[in-house]
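Here the protein sequences come in this chain order: V and C.
Read in order, the letters of the first sequence are residues 23 to 543 in the working numbering.
Read in order, the letters of the second sequence are residues 23 to 543 in the working numbering.
Where is the CB? At the ideal position from N, CA and C, for every residue including glycine.
The block underneath contains the structure these notes are about, expressed in structure tokens.
There are 2 protein chains.
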Amino acid sequence: MQDFQRDFDGLFNPRSVAVVGASNLPGKWGFNMPLNIIGGGYRGDLFMVNPREKRVLGFTAYPSLRDIREEIDLVVVAIPARKVAAVLEDAAEKGIRNAVVVSSNFSEAGEEGARLERRLAEVASAAGITIVGPNTMGIYSKTSSLCCLGAPVYPLPGGVGFVSQSGNLGVQLMTWGYRKGVGFSRFIGSGNAANTDISDWLEFLGEDPETDTIILYIEGVKDGRKLLEVARRVTPRKPVIALKAGKGRQGERAVISHSGSLAGPYELFRGAMEQAGIVVAESTEELVDLAAAFSTLPVPRGNRVGIMTLGGGWGVAAADACDREGLEMAILPQSVVEELDGFLPSFWSRRNPVDIVGNVRRANHFRVLDALARCEEVDVVINMGTLMGRDFWLENMFRTAVRPLLSMLFRRTRLLPLFQLSVWKGFRESLRKRGGQSREGSGGIDPAETLQWTDTAVIRRIKRLMEEEGKPIIAVAVNEGERSASFRMRNAGVFTASTPERAVRVAGKLAGYARWRERLR
Amino acid sequence: MQDFQRDFDGLFNPRSVAVVGASNLPGKWGFNMPLNIIGGGYRGDLFMVNPREKRVLGFTAYPSLRDIREEIDLVVVAIPARKVAAVLEDAAEKGIRNAVVVSSNFSEAGEEGARLERRLAEVASAAGITIVGPNTMGIYSKTSSLCCLGAPVYPLPGGVGFVSQSGNLGVQLMTWGYRKGVGFSRFIGSGNAANTDISDWLEFLGEDPETDTIILYIEGVKDGRKLLEVARRVTPRKPVIALKAGKGRQGERAVISHSGSLAGPYELFRGAMEQAGIVVAESTEELVDLAAAFSTLPVPRGNRVGIMTLGGGWGVAAADACDREGLEMAILPQSVVEELDGFLPSFWSRRNPVDIVGNVRRANHFRVLDALARCEEVDVVINMGTLMGRDFWLENMFRTAVRPLLSMLFRRTRLLPLFQLSVWKGFRESLRKRGGQSREGSGGIDPAETLQWTDTAVIRRIKRLMEEEGKPIIAVAVNEGERSASFRMRNAGVFTASTPERAVRVAGKLAGYARWRERLR
Chain V
23 MQDFQRDFDG
33 LFNPRSVAVV
43 GASNLPGKWG
53 FNMPLNIIGG
63 GYRGDLFMVN
73 PREKRVLGFT
83 AYPSLRDIRE
93 EIDLVVVAIP
103 ARKVAAVLED
113 AAEKGIRNAV
123 VVSSNFSEAG
133 EEGARLERRL
143 AEVASAAGIT
153 IVGPNTMGIY
163 SKTSSLCCLG
173 APVYPLPGGV
183 GFVSQSGNLG
193 VQLMTWGYRK
203 GVGFSRFIGS
213 GNAANTDISD
223 WLEFLGEDPE
233 TDTIILYIEG
243 VKDGRKLLEV
253 ARRVTPRKPV
263 IALKAGKGRQ
273 GERAVISHSG
283 SLAGPYELFR
293 GAMEQAGIVV
303 AESTEELVDL
313 AAAFSTLPVP
323 RGNRVGIMTL
333 GGGWGVAAAD
343 ACDREGLEMA
353 ILPQSVVEEL
363 DGFLPSFWSR
373 RNPVDIVGNV
383 RRANHFRVLD
393 ALARCEEVDV
403 VINMGTLMGR
413 DFWLENMFRT
423 AVRPLLSMLF
433 RRTRLLPLFQ
443 LSVWKGFRES
453 LRKRGGQSRE
463 GSGGIDPAET
473 LQWTDTAVIR
483 RIKRLMEEEG
493 KPIIAVAVNE
503 GERSASFRMR
513 NAGVFTASTP
523 ERAVRVAGKL
533 AGYARWRERL
543 R
Chain C
23 MQDFQRDFDG
33 LFNPRSVAVV
43 GASNLPGKWG
53 FNMPLNIIGG
63 GYRGDLFMVN
73 PREKRVLGFT
83 AYPSLRDIRE
93 EIDLVVVAIP
103 ARKVAAVLED
113 AAEKGIRNAV
123 VVSSNFSEAG
133 EEGARLERRL
143 AEVASAAGIT
153 IVGPNTMGIY
163 SKTSSLCCLG
173 APVYPLPGGV
183 GFVSQSGNLG
193 VQLMTWGYRK
203 GVGFSRFIGS
213 GNAANTDISD
223 WLEFLGEDPE
233 TDTIILYIEG
243 VKDGRKLLEV
253 ARRVTPRKPV
263 IALKAGKGRQ
273 GERAVISHSG
283 SLAGPYELFR
293 GAMEQAGIVV
303 AESTEELVDL
313 AAAFSTLPVP
323 RGNRVGIMTL
333 GGGWGVAAAD
343 ACDREGLEMA
353 ILPQSVVEEL
363 DGFLPSFWSR
373 RNPVDIVGNV
383 RRANHFRVLD
393 ALARCEEVDV
403 VINMGTLMGR
413 DFWLENMFRT
423 AVRPLLSMLF
433 RRTRLLPLFQ
443 LSVWKGFRES
453 LRKRGGQSRE
463 GSGGIDPAET
473 LQWTDTAVIR
483 RIKRLMEEEG
493 KPIIAVAVNE
503 GERSASFRMR
513 NAGVFTASTP
523 ERAVRVAGKL
533 AGYARWRERL
543 R
């Protein structure tokens, strides 16, 4: 299909953008897209085309593309389907090389639409125009701060390149990514892909120096062989993670009415993807988890997992998940067991998962973490029970300190002063006794460790250990408020999973990718 | 093992509680538990036992249980393992019938501990004392506002009864439940279960009028036959949902070092559970999702799902998940297709999933929802794209309205007044034209529908439809901030899932339970 050289630079770093069908009516595509381009901080020139308005969003409105004298790198089209081909003809005349066609009612809507779409492709390909869409939610590009999107999503800048065959789902996943602190380099809502295929985008992202991790949401592929060929070239250098939708009978039927593309038998496709080194995600949530993980964590050297947990139940959940994901629980060498014996309560698990049985000496948490990260038998560390999240910490403080106080005030008023006196005495005694009794973990908390109890302290330690040992350390924050997680991630580049099962899932996919790269050598 | 009548009323509605090992030292169990009892709002009498203190948390400290003259219904024990038996002897003398034994270092820690634990069981059973634990995180009871827990967790009052063989995991799941608006009637951290078995608790919850849904976290079962027997009696009346941990080789080994109980081959156990009508959860997140769903939604009449989505991609994700969960996509009767044809854009999917292709007329969302809920071919409705969540709504407003304005102010200052004028003109025109062009959904938003765009409006509609049609309607809030979800749930009893895949999973489990109940008839 592609018999011309594409101008990807003009698409992702346009010096000027024209919006055909620009509108002042809230909720219309021609209103939302330029508004989001403005809000996203695009710094190039912006031109509005609308024959019935003098001004759109404050900008001079031109009757047509031809009336704009300046050069245009990218045209955004948001007018009814039957009028789009004419706009592309104008664009061709002006030498425009890229078009984002938002308009729907093309091949996804039946035979008449398919005919219109073929016409678009002919006009565009003859003129060397790359069409994103039609029926697309748009594109995002970090390098030009271009949020050319139908929804008000302003991704964090980062290294994840994302091609999505569903726009709606794509922008939503970018919103989830935002909360998890995942930064994006490019987003392409490929839509009906009139004169492109997913492999074009994969090839571009594979070469793109701004992109270090690639994620794909795939409903159907026109040329599967080409996709796999391109993937084989990209995956040795950059991880490519794909979610294939339309897996079964009913899903496939839903794909047909959504984007009109044909899906094949999933198991076949899945096998082929894995052979090309593509990491396969099984759900929308997982795609975002994996994007976050692969863009943050080093690739492990093997599949042996070391787990630290504050409570036994979570250790069991994680071990179960390891069985499911084909990961091995690392066998701790005697030297490590003896090291931990030196400071953990006598009834700690003495094996992996390292259950530190609720020990609340903060220094011990860090010593266990160090021991696991440095242990030669461990390829991936999963750390549970140390990260809390700011929201949870605040809630916890409220519950621990304020609620009992209020309850005393209202229910046992006469006791309140004595209550305060008792707590104060206990606190002073704790200070005095700190360090003592720590072996059995029953001495209560050590007030001198307060500063160590922040998430920042944990994050710093994990980050340093990752740098020193080159191993992925996955922190599980079961109380991760989305806000605090993203805060942590953005500031420190540490990956957190919200459950042990998800952490192990991610570890399994990392190990699988590592295995694949190993085989190539 | 049980050769005495248990006093469950004394355990869950105690008029008085004594804490042996009560302490003023922050972080110690003897400090945390009475503090949480106070904070939870327990209104009965509270006694502290500590021979070395005059006062604990403001209360008079008694040297021993025997020194308390008043009657005690429940004793909480938080002292080293080897001293616990003597306390139970004192308790027996005082006629106390229930003990929550927090102390660890019993059977989970080896042979010496196991011996101590057997001794406990002998003393207790001879005196008719039910031991919760040892090695337990405690209990919660709605009816007496008793938060007798080692962690500062104050569950919402509600109908879910929860037995957990891991305390740490149990209280954490209650915290997740809190955020999702799941209310609890009772919690039992069963610990090492010295003289109880999980079936005792299941039997109690089965009869408990405060409990309408039961969830179990199981690591191992002493008497599997008894558990299934009890389950068979309970499940026809109340849903019982179980997460079995220690499934595979490595998980099993982790269980042994956690609670010391023996786990069997998972597939066998799973099959037996399902035959007894127990709903099986596969992960910790899912256990909470299912608790929320089963305690909120009616049981469906069949397994045909009707899906409404604003964007095609999410419809595909949901249809895929239906394939996986064995659910049928309902086939819409011609009459329903024609009804929707009357107001949806011509290029809507015209089949299930009902993809309303981004139509932003709010009235249409409700008409589709009504049509699906009332359709005889549909047993479960999944609704995507209408709920937004307060946090997202606020964020969205900021991005839509404030960011572009700021961007104009700093980057295109001269254009700002013209920008504002354009938007104002457009807004007025929208008002004037409202209703027009709505068929193709391209007329932009209708400002008169503002009030309909709140989540409250959706929740009301869903609730009314559920009452009228007696079908589960599952709302998917992909942007569900946990806060707003719990707010909605608590105020309206509407279940929301955070992804389509999770919504379908829940629907599959509901349908499975419905099928099982049907077979009984």
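Check, Outcome
"Is Ser-305/C close to chain V? Criterion is C-beta to C-beta, closer than 8 Å.", "yes"
"Which residues, taken in chain order from the segment 78-100 of chain C, show a beta carbon closer than 8 Å to some beta carbon of chain V?", "Val-78, Leu-79, Gly-80 and Phe-81"
"Give me the chain V residues within the contact set of Met-430/C, using Cβ-Cβ distance strictly less than 7 Å, ordered along the chain.", "Ile-60"
"Would you say Thr-235/C and Pro-261/C are within 8 Å of each other, going by their C-beta atoms?", "yes"
"Check Ile-300/V in the structure and name its three-state DSSP category.", "coil"
"Between Thr-306/V and the rest of its own chain, which residues show a CB-CB distance below 6 Å, the 5 nearest in sequence each way excluded?", "none"
"Do Met-159/V and Gly-172/V have their C-beta atoms closer together than 8 Å?", "yes"
"For Pro-102/C, count neighbouring Cβ atoms within 10 angstroms of its own Cβ and tell me buried if that reaches 16, exposed if not.", "exposed"
"Can you pull the chain C residues whose beta carbon is under 8 Å from the beta carbon of Gly-448/V, in chain order?", "Ser-45, Asn-46, Leu-47, Pro-48 and Phe-53"
"Which residues of the segment 377-411 of chain C have a Cβ closer than 9 Å to any Cβ of chain V? Give them in chain order.", "Asp-377, Val-379, Gly-380, Val-382 and Gly-407"
"Based on Cα-Cα distance, which residue from Pro-426/C, Tyr-288/C and Glu-251/C lies nearest to Lys-269/C?", "Tyr-288/C"
"Under 7 Å, CB to CB, which of the residues in the segment 141-166 of chain V have a partner in chain C?", "none"
"Just to confirm, are Val-78/C and Ser-45/C a CB contact at a threshold of 8 Å?", "yes"
"I want to verify the contact list: residues of chain V whose CB lies under 7 Å from the CB of Trp-336/C, in sequence order.", "Asn-190 and Leu-191"
"Ala-499/V by DSSP, collapsed to three states: which one?", "coil"
"Going straight from the alpha carbon of Asn-405/C to that of Leu-428/C, what length do you get?", "35 Å"
"Along the chain, where does the alpha helix (DSSP H) that runs through Met-55/V open and close?", "51-61"
"Could you tell me which residues DSSP pairs with Asn-405/V in its beta bridges?", "Met-330/V and Ala-497/V"
"Report the partner residues of Phe-209/V according to the DSSP bridge assignment.", "Tyr-162/V and Phe-184/V"
"Expressed to the nearest angstrom, what Euclidean distance is found between the alpha-carbon atoms of Glu-144/V and Thr-521/V?", "50 Å"
"Answer with yes or no whether the minimum CB distance from Glu-139/C to chain V is below 8 Å.", "no"
"With burial defined as no fewer than 16 other Cβ atoms inside 10 Å of the residue's Cβ, what is the status of Pro-231/C: buried or exposed?", "exposed"
"Contact between the segment 246-255 of chain V and the segment 187-195 of chain V is defined here as three or more beta-carbon pairs at a separation below 8 Å; is this criterion met?", "no"
"Do you know whose CA, among Ala-40/C, Asn-214/C, Ile-481/C and Pro-469/C, lies nearest Phe-449/C's CA?", "Pro-469/C"
"With 9 Å as the limit, tell me which residues of the segment 331-365 of chain C have their beta carbon closer than that to any beta carbon of chain V; keep them in chain order.", "Thr-331, Leu-332, Gly-333, Gly-334, Gly-335, Trp-336, Gly-337, Val-338, Ala-339, Ala-340, Ala-341, Asp-342, Ala-343, Cys-344, Asp-345, Arg-346, Leu-349, Glu-350 and Met-351"
"Could you tell me whether the segment 524-535 of chain V touches the segment 307-326 of chain V, where touching means 3 or more Cβ pairs closer than 8 Å?", "yes"
"Taking only runs that begin and end inside the segment 338-370 of chain V, name each unbroken alpha helix (DSSP H) of 4 or more residues, in chain order.", "356-363"
"At a Cβ threshold of 8 Å, is Thr-478/V touching chain C?", "no"
"Based on the DSSP secondary-structure assignment, which residues constitute the bridge partners of Ala-121/C?", "Val-97/C and Ile-153/C"
"Pull out every residue of the segment 518-534 of chain C whose Cβ sits closer than 7 Å to any Cβ of chain V, in chain order.", "Thr-521 and Glu-523"
"Hey, could you find the ends of the beta strand (DSSP E) Ala-107/C is sitting in?", "Ala-107/C -> not in any beta strand (DSSP E); alpha helix (DSSP H) instead, spanning 106-115."
"Hey, would you say Glu-241/C sits closer than 8 Å to Ser-188/C, going by beta carbons?", "yes"
"By the criterion of Cβ-Cβ separation under 8 Å, what are the contact partners of Ser-452/C in chain V?", "Leu-47, Pro-48 and Gly-49"
"What separation, rounded to the nearest whole angstrom, lies between the Cα atoms of Phe-441/V and Pro-36/C?", "23 Å"
"Within the continuous beta strand (DSSP E) that includes Val-41/V, where are the two ends?", "38-42"
"Of the choices Ser-38/C, Asn-72/C and Ser-186/C, whose alpha-carbon is the least far from that of Ile-59/C?", "Ser-38/C"
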